[in-house]
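Each residue of the sequence shown is one higher than the one before, starting from 28 at the first, in the numbering used here.
Single-structure report; data block below.
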Amino acid sequence: MQSKRITNAFTEETILVQLLKRFFRLTGRNVAARPNFIISITLFITALSSFSILLAKMTNDVTDFTPKNARALKELEVYNDFFGSKGDPIVILVLVTAKDGDSMLRVPQLSETVRLLDLIVNDVEIRNEAMNRTLIFSQFCTSFCEMNEPVRNVYHSLAINNEYNESSAQISLAYPVSTILGQKFRIDDNFFGVQVGKHNVLADARLVLLQFRAILQDHVVGTAVQQYEMAVTNFLRKNFTSDLIDVVTISPTFITDEIVRAGLSLLPFTIVGFIIMCTFSSVTTVISSMLVSQFDYYKVLIALAACVSPLLACSTALGLLLWCGLRFGSILTEMAPKLLEGSETEQLSERLCSMLQEVGPSITITTLTNVLAFGVGIFSSIPEIQIFCIGNALAMTVDFIYQITLFTAIMAVMGRHEMRIEKSAHSVMHEKWFLKRQKDLNFLFKSLSKKYCSVLCTTSFSVLTVVCLLIYWSLSIYGALTISIELRPEKLLKRDSDIVKA
């Protein structure tokens, strides 16, 4: 009696599992009664939600990959307060190197650099909608407008020295402070990779840096900063050519654009992964259904529907987030019912109820675990991680709803066709043939299982398992202790990016 009570205690289901089974049984009964209506409603919701994706504009900011309490953001805030900046800052760095890989401290190379400087200052324009005219850099620059003048001064100094065989006493190209006609100026903000000679005379420089910094005032639209920074990059790509120097631009907008380009380059892999998933699901479904003598072509359609349903859920979740006003970041980048006989509908309903009762609690626990795991990331201090976690958590929630509604409704529709096939005489003949083959396969599987179990029970296999486990643990502990946690910029960019080359 006592052992029976213990057995019953272990076999009793918890209240939560009982409630879940009741819920899924009710869901299965309702879906089986109106599958076409369920499919129509879910597809309508998906289309309505996904429509916002077409209307939304993708916006990205490289600072969104930085924690809110990062030192760089605090320094930027102090910088803006110190200079009394009330608009959006423009920061463009232009890196100039010699095409032959040699020194930039030569007159032809510096002449090309000065020509490049003049082109950016005088030819690249920004649109001022408030004033209804276009402005060049020299017209809207209010601070740091002369940051690149040391490059021009060094160029003229070298040209004069070459003309007078470096005999001019009024020119001293020292590093970091040079003197021309008694006027001193710093060159360490523009020349890098330098080598100095006697008395700190500048002997070599491998890189020249041109800096363009300005503050756009309030009357200029907010997107003007991004437009101008990309205008400089596009202008140099399309309109500037030189046989002497190589040019690379770096700006927050360009970095963001390159990160987005790298992310979009992964889209083909997503498509390939979806094709592989559909193929694997279809093949395994066909094999498993043939082994139990239940194969028909509707099984393949069900397998494909199981792969498409998560994509519809991702699209719905993303659309709902956009309708709610969430920023569209690149990190987020998946009928009238026919009357049937009452007996067939009742049998189908019982099948769906039994199926949902068995798998429903497991799916619920798995979904809840994943949603909570991503939900923790919502409290991250990095904005992009927050968006990523919010999107994934909602997508998994919607996918769970679609699994018990849309996918179950599709199974109900396909199940009705399968039940008709089961009643046909052709199906009965094939079922007898499959039963005979199934007995042969069961005998083969049982013999293989016995051999496999006999190998598992040997002492040598147990020792080998323990040795492999110890090696695995050792490698895991060593890796956990020696791993370096870092996120390098080149990991976020494509190899052909100019930023990686720089």
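Where a beta carbon is used, it is the ideal one built from N, C-alpha and C, also for glycine.
Query: Where does the unbroken alpha helix (DSSP H) through L237 begin, and where does it stop?; Result: Taken as a continuous stretch (DSSP letters only), L237 belongs to no alpha helix (DSSP H), being part of the beta strand (DSSP E) at 234–243.
Query: Label G369 either buried or exposed according to how many other C-beta atoms from any shown protein chain fall within 10 Å of its C-beta, with 16 as the threshold for buried.; Result: Note that G369 has pLDDT 36, beneath the 50 cutoff, so the model's placement of it is unreliable and the number below is only indicative. Its Cβ having fewer than 16 others within 10 Å, G369 is exposed.
Query: Any idea what DSSP makes of K365, helix, strand or coil?; Result: Confidence at K365 is low in this model, with a pLDDT of 38, below 50, so the placement of that residue is unreliable and no value is reported for it.
Query: Can you tell me the Cβ-Cβ gap for V398 and V235, rounded? I've got them flagged as a contact below 8 Å.; Result: Not confirmed; about 53 Å, so no contact.
Query: How would you label V490, buried or exposed, when you count the other beta carbons within 10 angstroms and need 16 or more for buried?; Result: exposed
Query: Apart from the five residues just before and just after L519, which ones in its own chain have a Cβ nearer than 7 Å to its Cβ?; Result: I286, A289
Query: I'd like the list of long-range same chain contacts for L132, defined as Cβ closer than 6 Å, with 5 residues on each side in sequence excluded.; Result: D231, A232
Query: Quick check on the DSSP output: what are the complete alpha helix (DSSP H) runs of length 4 or more inside the segment 55–108, in order along the chain?; Result: 62–82
Query: Got a sec? Which residues, its chain only, sit under 8 Å from N96 by beta carbon, not counting five neighbours each side?; Result: S408
Query: Compute the Euclidean distance between the alpha carbons of K225 and L200, then round it to the nearest angstrom.; Result: 11 Å
Query: If you reduce the DSSP assignment to three classes, tell me which class Q197 lands in.; Result: coil
Query: What is the DSSP secondary structure of E139, reduced to helix, strand or coil?; Result: helix
Query: Distance check for I272 and T250, CA to CA, integer angstroms please.; Result: 31 Å
Query: Are the CB atoms of C416 and G402 within a distance shorter than 8 Å?; Result: yes
Query: Determine the burial state of V228: buried for a count of at least 16 other Cβ atoms within 10 Å of its Cβ, exposed for fewer.; Result: exposed
Query: The alpha helix (DSSP H) that contains K326, what's its start and end?; Result: 325–350
Query: Could you check what DSSP says for L173 in three-state terms: helix, strand or coil?; Result: Note that residue 173 is Glu in the sequence shown here, rather than Leu. The answer is coil: DSSP assigns E173 none of H, G, I, E or B.
Query: Check whether the segment 336–354 and the segment 76–85 are in contact - that is, three or more C-beta pairs closer than 8 Å.; Result: yes
Query: Can you check which of these residues, F218, Q197, V221, is closest to K211 by C-alpha distance?; Result: Q197
Query: What is the DSSP secondary structure of D273, reduced to helix, strand or coil?; Result: strand
Query: On the three-state DSSP scale, how would you describe R522?; Result: coil
Query: Between the Cα of A330 and the Cα atoms of T140, F434, S130, A74, which residue gives the shortest distance?; Result: F434
Query: Under DSSP, the alpha helix (DSSP H) around K265 begins and ends at which residues?; Result: 251–266
Query: I need the straight-line Cα distance from N180 to L146, nearest angstrom please.; Result: 17 Å
Query: Contact check, V151 vs A258 under 8 Å by CB: the rounded distance?; Result: 5 Å
Query: Hey, quick one: how far does the beta strand (DSSP E) through F212 stretch, first residue to last?; Result: 210–213
Query: If you run the structure through DSSP and keep just helix, strand and coil, what is T486?; Result: helix
Query: How many angstroms separate the CA atom of C484 from the CA atom of C495?; Result: 17 Å
Query: For L43, count neighbouring C-beta atoms within 10 Å of its own C-beta (all shown protein chains included) and say buried if the count is 16 or more, exposed if not.; Result: exposed
Query: Which one or two residues does DSSP pair with R154 in a beta bridge?; Result: T161
Query: Whole angstroms is fine: what's the gap from N100's alpha carbon to E190's?; Result: The residue asked about is misnamed: residue 100 is Leu in this sequence, not Asn. Their Cα atoms are separated by approximately 48 Å.
Query: Grab me the residues of I117's own chain with a C-beta within less than 7 Å of its C-beta, minus the 5 sequence neighbours each way, in chain order.; Result: F239, R240, A241, L243, V252, Y255, E256
Query: Look at the Cβ atom of I526, then the Cβ atom of I282, and state whether they are nearer than 8 Å.; Result: yes
Query: State the start and end residues of the unbroken alpha helix (DSSP H) segment that holds I414.; Result: 410–429
Query: Could you give the uninterrupted runs of the alpha helix (DSSP H) lying entirely in the segment 288–318, keeping only those of 4 residues or more?; Result: 294–318
Query: Under 8 Å, do V134 and L185 count as touching if we go by C-beta distance?; Result: yes
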